[in-house]
Amino acid sequence: MIEVITPNHHHTRTPFLPFAVPDLDESEIELVNEAIRSGWITTGPKALQFEAEFARAVAAKHAIAVNSCTAAMHLALESIGLQRGDEVITSPYTFAATAEVVRYFDAAPVFVDIEPATFNIDPALIEQAITPRTKAIIPVHVGGLPAEMEEILAIARKHGLAVIEDAAHAFPAMYNGAMVGNLGSNATCFSFYATKTITTAEGGMITTNDDALAERCRIMALHGISKDAWKRYTAEGSWYDEIVSAGYKYNMSDIAAAMGLAQLRKAERMLKRRKQIAESYTAAFSHILTLRAPVSSRGHAWHLYMLRLDFEDGRSESGGRRSERDRAWFIEELKRRNIGASVHFIPLHLYPYYKQTYGYNPLDFPIAYREYQREVSLPIYSKMTDEDVGDVVAAVQEITEQYSC
Ligand SMILES: *Cc1c(COP(=O)(O)O)cnc(C)c1O
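Note that this note's numbering has the sequence shown beginning at 218, numbered continuously upward.
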């Protein structure tokens, strides 16, 4: 057999452009140094300040800093009283954490398909998934584009359900003029993982306007102890405390919070840059590819730029399989040009654990399945230069031209 190698001219930039890079500079170093020099490195004044400033940034009454968004969602579900055997509605188009926190309670995640335009949970499909066991809904603001919260909150009110937002991608994001973090749900959970829109390396935040929920999260984040433990070691503190529940160890250190304070101050600038990059991409690709539809009343955080490859038009008899192969090829071609890319998300119902535990088939959630097969996430972060953006645009254009000839 002779393998035919067709000459394939392409432009390769150097060095490799990673898919995600945090925007760190002297300001993080300075604030982290301050924490180290102060001698107080775990939860203390910096964490309190970060909470206060974050609460102000999203206009929420309370902000509780924790060591991940996963921890934040675990605490939020605990404080709404989720029990074994309960059900929680969410979409399969998300990261592992959204559903695994439901499993922590031996409760069941019940998946509902997404809206094709936004990758977010489809509110029109929620009510038919509600049963007497349903306790809560977890909408995910995929890529930083807020879910249809007005409809979701109305459904929740009608059926007496809690709403916990997975806002891992959604700081700073807006919906109908209000910040995500203060949209009227029971709690909103943010992530400060290294690749997210602001980072503390590892970290998360719960925001809420509910005093009792905030208090419960605070207590459970630190061993179920009923007062701020750090006060025990200060002059005005005492040695006495009370364990009121078997809690967890989810508090955020002052080292992490120091980084968060520096990041918070840059959040607007970083968002502005991501927005610029998104606009450049959209302007360049709108002729050649089907893109996610912009939804005007929503303030996108632009954590992800989710390209939708339009491989269907008259090319694909076998449907999905073909798209998936073409998508893999597309990412390979980007890599050959030294550009990192990713896929968001492999829907949870396709994974062995959820498939085996709940007997899901790929087509149980046909929109999530179809969109997954043709999605490619491009680099979008404030450290990218205009040249970097130009390289991504040129590479995508080159690859699509190659595909159509
Ligand atoms: C990253 C992410 C999480 C988990 O965040 P951690 O801070 O790493 O726990 C949850 N949900 C979504 C959608 C995410 O992308």
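From the three backbone atoms N, C-alpha and C, an ideal C-beta is built for every residue, glycine too.
{"Item": "Just checking my contact of D330 with A585 at CB under 8 Å: how many whole Å lie between their CB atoms?", "Value": "6 Å"}
{"Item": "Examine ligand 1 and report whether any of its heavy atoms sits within less than 7 Å of the Cβ of H386.", "Value": "yes"}
{"Item": "Is any non-hydrogen atom of ligand 1 found closer than 7 Å to the C-beta of S408, if you look at the structure I gave you?", "Value": "yes"}
{"Item": "Give a single yes or no on whether T417 has its beta carbon closer than 7 Å to a heavy atom of ligand 1.", "Value": "no"}
{"Item": "Any heavy atom of ligand 1 closer than 7 Å to the Cβ of A474?", "Value": "no"}
{"Item": "E304 lies in the beta strand (DSSP E); which residues open and close that run?", "Value": "304-307"}
{"Item": "So, for T229: in the same chain, excluding its five sequence neighbours on each side, which residues have a beta-carbon less than 8 Å away from its beta-carbon?", "Value": "R553, R554, N555"}
{"Item": "Hey, D605 and L234: beta-carbon distance below 8 Å or not?", "Value": "yes"}
{"Item": "Under the rule that 16 or more other beta-carbon atoms within 10 Å means buried, what is R486, buried or exposed?", "Value": "exposed"}
{"Item": "Bridge partners for R525 per DSSP, in chain order?", "Value": "E592"}
{"Item": "For the alpha helix (DSSP H) containing V359, list its first residue and its last residue.", "Value": "Here V359 belongs to no alpha helix (DSSP H), and DSSP marks it neither H nor E."}
{"Item": "For ligand 1, is there a heavy atom less than 7 Å away from the beta-carbon of K413?", "Value": "yes"}
{"Item": "Please classify Q345 as buried or exposed, where buried requires at least 16 other C-beta atoms within 10 Å of its C-beta.", "Value": "exposed"}
{"Item": "Please report the straight-line C-alpha distance between V249 and T417, rounded to a whole angstrom.", "Value": "10 Å"}
{"Item": "Whole angstroms is fine: what's the gap from S308's alpha carbon to Y392's?", "Value": "19 Å"}
{"Item": "Report the rounded CA-to-CA distance for E541 versus I472, giving the unit in angstroms.", "Value": "42 Å"}
{"Item": "Buried or exposed, going by whether 16 or more other CB atoms sit within 10 Å of the CB of V461?", "Value": "exposed"}
{"Item": "Is it right to say I616 is buried, meaning 16 or more other beta carbons lie within 10 angstroms of its own, or is it exposed?", "Value": "buried"}
{"Item": "For T574, count neighbouring Cβ atoms within 10 angstroms of its own Cβ and tell me buried if that reaches 16, exposed if not.", "Value": "exposed"}
{"Item": "From the DSSP output, in three-state form, read off G607 for me.", "Value": "helix"}
{"Item": "Taking 7 Å as the cut-off, does the CB of V319 come closer than this to any heavy atom belonging to ligand 1?", "Value": "no"}
{"Item": "Take the Cβ of E618 as the centre, count every other Cβ of all protein chains shown within 10 Å, and call the residue buried at 16 or more, exposed below.", "Value": "exposed"}
{"Item": "In three-state DSSP terms, what is D383?", "Value": "strand"}
{"Item": "Report the residue ranges of all alpha helix (DSSP H) runs contained in full by the stretch 416-494; include only those spanning at least 4 residues, in chain order.", "Value": "428-438"}
{"Item": "Ligand 1 and F312: does any heavy atom of the ligand fall closer than 7 Å to the residue's C-beta?", "Value": "yes"}
{"Item": "With distances taken from CA atoms, which of K352, A390, P333 is nearest R587?", "Value": "P333"}
{"Item": "With DSSP run on the structure shown, which of helix, strand or coil describes L370?", "Value": "helix"}
{"Item": "With the cut-off set at 8 Å, would you say I597 and I494 are in Cβ contact?", "Value": "yes"}
{"Item": "Just checking C434 against ligand 1 - is the residue's beta carbon closer than 7 Å to any of the ligand's heavy atoms?", "Value": "no"}
{"Item": "Does the stretch 427-435 come within contact of the stretch 275-295, defined as at least 3 CB pairs closer than 8 Å?", "Value": "yes"}
{"Item": "CB D303 to CB K352, shorter than 8 Å?", "Value": "yes"}
{"Item": "Taking 8 Å as the cut-off, decide whether the C-beta atoms of A364 and N337 are in contact.", "Value": "yes"}
{"Item": "Would you list the residues sitting across from Y392 in a DSSP beta bridge?", "Value": "A395, R515"}
{"Item": "If you count every other CB in all the chains shown that lies within 10 Å of the CB of R532, and 16 or more means buried, which is it?", "Value": "Bear in mind that the predicted position of R532 carries a pLDDT of just 45, short of 50, making it unreliable; the figure below should be weighed with that in mind. Looking at its Cβ environment, which holds fewer than 16 other Cβ atoms inside 10 Å, R532 is exposed."}
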